[in-house]
Ligand SMILES: [Zn+2]
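Numbering (this note's numbering), first residue to last: 568 to 1036.
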């Protein structure tokens, strides 16, 4: 980005001083695309205007006619689990976020629970010391023994709860009913990983002798497992009320169930991951154990249905489900896919995928891109309008992107601790070129530009209305 030196005006006093102006941009506003720029004071947007009406500032960035949009909010990313510090941590994960235009990360536990005030405080202080982007966190894993903790967790700023219908954190329908009842009474939302355990138990038997082929991981977890679990969980929400969020929707059948639930007036939202939007199960034997995640890659038809549901509104947000691992944990599944870690990188790829495979292929509009990557996640996690929108008073979390930039994805451009990417070798069009968190630049072109410790912990729900469709 082109910068000019200090243009600070003597007439602007200390408290009213403008630290940053970004000018000459095409801004993705809620009302459409505007030509001009923004001014930033004390980390917040203080002015949105055409270039000639922008105030003088300490730093002026010329966006050179590129697109300026709100920073992305990744609503599902496993970037910091103290028990899995060799996988990712707040520093490496937030660098990957910044390099992907993500300015707020909602961290989710992998194996270490976050269900007490002390656990929230510990993770919040680790994030404040290590992260370069803002963050919040999920509570999890929710089971029968921590249902009662929900009011206290909400009081401590954590109002998103994660539960599973399958192992290894299985919660039965009775527990899900209790969880949703608590959410209905106290607020926040319950996010459920939906795969029916009985179907998974049964269908894995069909794969005996075929576990050397990575695609067996997908065939052993059929669409039916997701469909049954989604239908059942929506049925519970219909009785309890409370906001239910379906994690990583991956099948046509689940889309159908979510569509039904929304039409029935249930407070229901859902998410999709970039890997399910890009790959399908026929890619698995070529990609090897790297392509293992849960729920697994599906058919081409499922992938097409996900794009359509994202455009039409059945799917509300795009999240990374970022959960990479050291490559050794993938390679140990070379002869038996069951032995590989389930999880892939993604936080640096959300925006690239939505631009390259979405906007540039006619599957998504810029308006819908801002909804699914910024505004909707801000609303779902109780951060709107502090986050997720370019408007006066909002945090100056912004990304400048070039929708025509072509690149070939290489592991050496990735900031994840793991040093590999599922997207290796993919030719993509459209990339972030500068990222700002509360007006401070955290990423420029190909490098991060902020020291760990810039990120702040965001309490969900503060200063915003609960999510209502
Ligand atoms: Zn996950």
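Just so you know, even glycine gets a beta-carbon here, dropped at the ideal spot from N, CA and C.
> ligand 1 heavy atoms versus the CB of residue 962: any closer than 7 Å?
Replying inline: For the purposes of this step, residue 962 is taken as the residue at position 395 of the chain shown. Outside the cutoff, so no.
> Based on the DSSP secondary-structure assignment, which residues constitute the bridge partners of residue 1008?
Replying inline: In the chain shown, the residue the question calls residue 1008 occupies position 441. Paired residues: 1003.
> Can you list, in chain order, the residues of its chain whose CB lies under 6 Å from that of residue 805, leaving out five sequence neighbours each side?
Replying inline: For the purposes of this step, residue 805 is identified with residue 238 of the chain shown, where counting begins at 1. So the qualifying residues of the chain are 833.
> Is it right to say residue 618 is buried, meaning 16 or more other beta carbons lie within 10 angstroms of its own, or is it exposed?
Replying inline: Walking along the chain shown from the start, residue 618 turns up at place 51. Result: exposed.
>> Just to confirm the assignment: which complete alpha helix (DSSP H) runs, minimum length 4, are found wholly within the region 838-904?
In response: 841-845, 851-854, 867-879, 894-898
>> Which residue wins for smallest C-alpha separation from residue 848, given the options 840, 835, 869, 837?
In response: In the chain shown, the residue the question calls residue 848 occupies position 281. The residue with the shortest Cα to Cα distance from residue 848 is 869.
> Can at least three beta-carbon pairs, one atom from the region 923-939 and one from the region 672-683, be found at a separation below 8 Å?
Replying inline: no
>> By the DSSP assignment, the beta strand (DSSP E) with residue 635 in it spans what residues?
In response: Counting from 1 along the chain shown, the entry for residue 635 is found at position 68. It spans 634-637 - the beta strand (DSSP E) in which residue 635 sits, taken as one unbroken run.
> Mind checking whether residue 1027 and residue 644 have CB atoms under 8 Å apart?
Replying inline: For the purposes of this step, residue 1027 is taken as the residue at position 460 of the chain shown. For the purposes of this step, residue 644 is taken as the residue at position 77 of the chain shown. Cβ distance not < 8 Å, so residue 1027 and residue 644 don't count as in contact.
> Would residue 840 pass as a contact of residue 800 if the rule is Cβ separation under 8 Å?
Replying inline: The sequence position of residue 840 within the chain shown is 273, counting from 1. The sequence position of residue 800 within the chain shown is 233, counting from 1. For residue 840 and residue 800, no; Cβs fall outside 8 Å.
> Who does residue 1039 pair with in a DSSP beta bridge?
Replying inline: Any question about residue 1039 goes unanswered here, given that the chain covers just 568 to 1036.
>> What does the Cβ neighbour count give for residue 818, buried or exposed, with the cut at 16 atoms within 10 Å?
In response: Numbered from 1 along the chain shown, position 251 holds the residue referred to as residue 818. It is buried - the Cβ of residue 818 has at least 16 other Cβ atoms within 10 Å.
> Quick one, what's near ligand 1 if you take every residue whose CB is closer than 6 Å to any heavy atom, in chain order?
Replying inline: 643, 645, 675, 888, 890
>> Does the beta-carbon of residue 904, which I'm using as the reference point, lie nearer than 7 Å to any heavy atom of ligand 2?
In response: Judged by which ligands are present, ligand 2 is missing from the structure shown, whose ligands are ligand 1.
>> Does residue 980 pass the burial test, meaning 16 or more other C-beta atoms within 10 Å, or should it be called exposed?
In response: Residue numbering aside, residue 980 sits at position 413 when the chain shown is read from its first letter. Exposed, since its Cβ has fewer than 16 Cβ neighbours within 10 Å.
> Among 607, 621, 638, which one has its Cα closest to the Cα of residue 950?
Replying inline: Taking the chain shown and counting its residues from 1, the one referred to as residue 950 is at position 383. Nearest option by C-alpha distance: 638.
> Short check: CB of residue 725 to CB of residue 782, under 8 Å?
Replying inline: By 1-based counting over the chain shown, the position of residue 725 is 158. By 1-based counting over the chain shown, the position of residue 782 is 215. Against a cut-off of 8 Å, the Cβ pair of residue 782 and residue 725 comes out as no contact.
> Would residue 713 be called buried (16 or more neighbouring beta carbons within 10 Å of its own) or exposed?
Replying inline: For the purposes of this step, residue 713 is taken as residue 146 along the chain shown, with counting starting at 1. So residue 713 counts as buried.
> Roughly how many angstroms separate the alpha carbons of residue 631 and residue 835, rounded to a whole number?
Replying inline: The residue given as residue 631 occupies position 64 in the chain shown. The residue given as residue 835 occupies position 268 in the chain shown. So the alpha carbons of these two residues sit roughly 40 Å apart.
>> Would residue 856 and residue 897 qualify as a contact pair, given that the criterion is a beta-carbon distance under 8 Å?
In response: Indexing the chain shown from 1 puts residue 856 at position 289. Indexing the chain shown from 1 puts residue 897 at position 330. Yes, Cβ-Cβ distance for residue 856 and residue 897 is below 8 Å.
> CA-CA distance, residue 691 and residue 609?
Replying inline: In the chain shown, the residue the question calls residue 691 occupies position 124. In the chain shown, the residue the question calls residue 609 occupies position 42. Within the model, the alpha-carbon separation for residue 691 versus residue 609 is close to 22 Å.
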